[in-house]
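Heads up: the sequence shown runs through residues 1 to 427, numbered per my numbering.
No residue lacks a Cβ here, since even glycine has one placed at the ideal position from N, Cα and C.
Notes follow the structure.
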Amino acid sequence: MTIQWNEEAQRLSDLCIDLRRQLHRHPELSSHEEQTVALIDQFLQAQGIRTQIVEHGGVLGWIEGGKPGRTVMLRADIDALPIQEEKTNGGGSQKACVSEIPGVQHACGHDGHTAMLLTAAKLLQTHREALEGTVLLCFERGEEATMNIYHLMKALEKAGIEPDSVFGLHVSPHTPAGTLQIQAGPLMAGMFSFHVRLQGRGGHGSRPDLCVNPIDCYAAIGQALNALRMRTVSPFEPLTISTGLVQSGTKSNILPDTCVFKGTVRFYNREVGLAFQAKLRHVVEHIAEAYDCTASFDKLNAPGFPLNNDADYAKTAAEVCREMLGKEAVIQAEPWMGTDSFPLYLQRMPGVYAFLGMRNEEKGIIADVHTSRHDLDESVLWKGAAAHAACAEAFLKQARPQAWKPNPLDLDTLFEQAGYLFPEGRE
């Protein structure tokens, strides 16, 4: 590492915090990030960075190094969630800033992701003459719901742009503030959703023998699905199943015609996910038949890709971040069963997704993502900016591992097989 990215990033800490607060006060939902896109584009252009706004996709920016070489992509997601934000965080402390948009909140840290990458962009542009290659900045719309990553990847494909590697960073409420979780192999899960509609025959509660109660059917299915994981999946293969929504009926003495239930299955081995999905369908359909109900799947998308970091690039990222921030700054932690669109980039290029810890009990920053009390420890955001810049510099000097091969599927087939083209979006 030839540039002291940590020192320079720390000097830009106030800028990073200000950018984060601008974004946090004005969050925009997936596919509606017009003001956010404008802010990103204007900031990059003000630094002298060439940009392209990809329709429906987001913003791309190019930092051309002083010497020819490889291309590394740095990615941040930019959309918010439909949550009404609370003014206090999980520990009851007052937040530094709160969303000004009713019912919309940056509750997954995308405001921090964007602010860190914008700050890193300023750093990298300042030192572009020292870089060996090109840094491609990627600000992705719709990660939470509408999977606009497709439009970004399609734009890159049409332009013949094939980055050699990719780096991304997500905030984590589970690890100590300022630590970086950088490790090879599984980091986030693959997932598929199931939305099932059970059709029975309603009637009066006094004569259940004349009806077909779909609630009874669901009760049997729910119990069977909870047992299915234990009966059919190795205890050494992580897999979770959860039902988050059940809707049926209107009154205690009226037996309903239908029952709808929805849930998700998450896993680290996609083959295990595929096999479990087939078993889930079998259980639902056959128990429904046994209860004289009809089961239809309103949604059963193909299992998505788990997130697996490349071993060589993970080693490089950990080494440069330890050198820059200290040995104690880089930690190993449990993988997270949450999901992200980032694995789709990893089907085309090797790379690393890392977590920047945000948990600070003294400040009350303990709430999980996707909650109204979620908060960020702004004092450590500069470390994320420094990590982006340092990893970009290092990755530009590193060749792809010879054994690494991209997924051979064309882009449309890749998305379809991974279940990412449903209009309801990813959950």
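| task | Let me know the alpha helix (DSSP H) ranges lying completely inside the segment 147-178, each 4 residues or longer, listed in chain order. | result | 149-158
| field | Of the listed residues 78, 85, 57, 311, nearest to residue 371 (C-alpha basis) | value | 85
| Beta-carbon proximity list for residue 237, same chain, < 6 Å, skipping 5 on both sides | 269, 272
| What are the partner residues of residue 195, as DSSP defines its beta bridges? | 262, 299
| query | Quick one: complete beta strand (DSSP E) runs, 3+ long, within the segment 299-384? | reply | 307-309, 351-359
| Buried or exposed: where does residue 375 fall if 16 or more other Cβ atoms within 10 Å of its Cβ makes it buried? | buried
| Nearest-angstrom Cα separation, counted from residue 312 out to residue 201 | 58 Å
| message | Just to confirm, is the Cβ distance from residue 168 to residue 267 under 8 Å? | response | no
| residue 214 versus residue 348: straight-line alpha-carbon distance, rounded | 45 Å
| query | Apart from the five residues on each side of it in sequence, which residues of its chain come closer than 7 Å, Cβ to Cβ, to residue 29? | reply | 79, 80, 82, 104
| message | Threshold first: 4 residues or longer. Then list the alpha helix (DSSP H) segments lying entirely within the segment 226-284, N to C. | response | none
| From 180, 18, 301, 411, residue whose alpha carbon lies closest to that of residue 155 | 411
| Around the C-beta of residue 426, are 16 or more other C-beta atoms found within 10 angstroms, so that it is buried, or is it exposed? | Reliability of the predicted coordinates at residue 426 is poor, the pLDDT of 39 falling under 50, and the value obtained from them is presented with this limitation in mind. Result: buried.
| query | Given that a residue counts as buried once 16 or more other Cβ atoms are within 10 Å of its Cβ, and exposed if not, what is residue 251? | reply | exposed
| query | Residue range of the beta strand (DSSP E) that residue 7 falls in? | reply | Looking at the DSSP string, residue 7 is not in any beta strand (DSSP E); the run it does join, the alpha helix (DSSP H), is 5-11.
| field | Length of the line joining the Cα atoms of residue 187 and residue 336 | value | 6 Å
| Between which two residues does the alpha helix (DSSP H) harbouring residue 413 extend? | 411-417
| task | Pull up the distance between the alpha-carbon of residue 418 and that of residue 382, whole angstroms please. | result | 34 Å
| said: Whether or not the segment 146-153 and the segment 51-62 are in contact is what I'm after, with contact meaning three or more pairs of Cβ atoms, one per stretch, closer than 8 Å; do they touch? | reply: yes
| said: Here's the rule I'm using: 16 or more other beta-carbon atoms within 10 Å means buried, otherwise exposed. How should residue 5 be labelled? | reply: buried
| request: Using 10 angstroms around the beta-carbon of residue 449, count the other beta-carbons present and answer buried if the total reaches 16, otherwise exposed. | output: Given a span of 1 to 427 for the chain in the structure shown, any question on residue 449 remains unanswerable.
| said: Which of the three DSSP states is assigned to residue 79 in this structure? | reply: coil
| query | Per DSSP, residue 139 forms a beta bridge with which residues? | reply | 59, 76
| message | With DSSP as the reference, identify every bridge partner of residue 70, one or two as the case may be. | response | 133
| said: In whole angstroms, give me the CA-to-CA distance for residue 308 and residue 183. | reply: 9 Å
| request: With distances taken Cα to Cα, identify the nearest neighbour of residue 71 among 396, 415, 413, 408. | output: 396
| If you count every other CB in all the chains shown that lies within 10 Å of the CB of residue 324, and 16 or more means buried, which is it? | buried
| request: From the DSSP output, read off the bridge partner residues of residue 188. | output: 307, 336
| message | I want to know whether the segment 357-370 touches the segment 279-286 - three or more CB-CB distances under 8 Å. | response | no
| Cross-strand partners of residue 203 (DSSP beta bridge) | 255
| said: Given this structure, state the Cα-to-Cα distance separating residue 44 from residue 248, to the nearest angstrom. | reply: 50 Å
| said: Between 148, 129, 302, which has its C-alpha nearest residue 428's C-alpha? | reply: Any property of residue 428 remains undetermined from this structure, which presents the chain solely from 1 to 427.
| Separation of residue 234 from residue 158, as counted between CA atoms | 42 Å
| Nearest candidate by alpha-carbon position, reference residue 178, set 118, 334, 10 | 10
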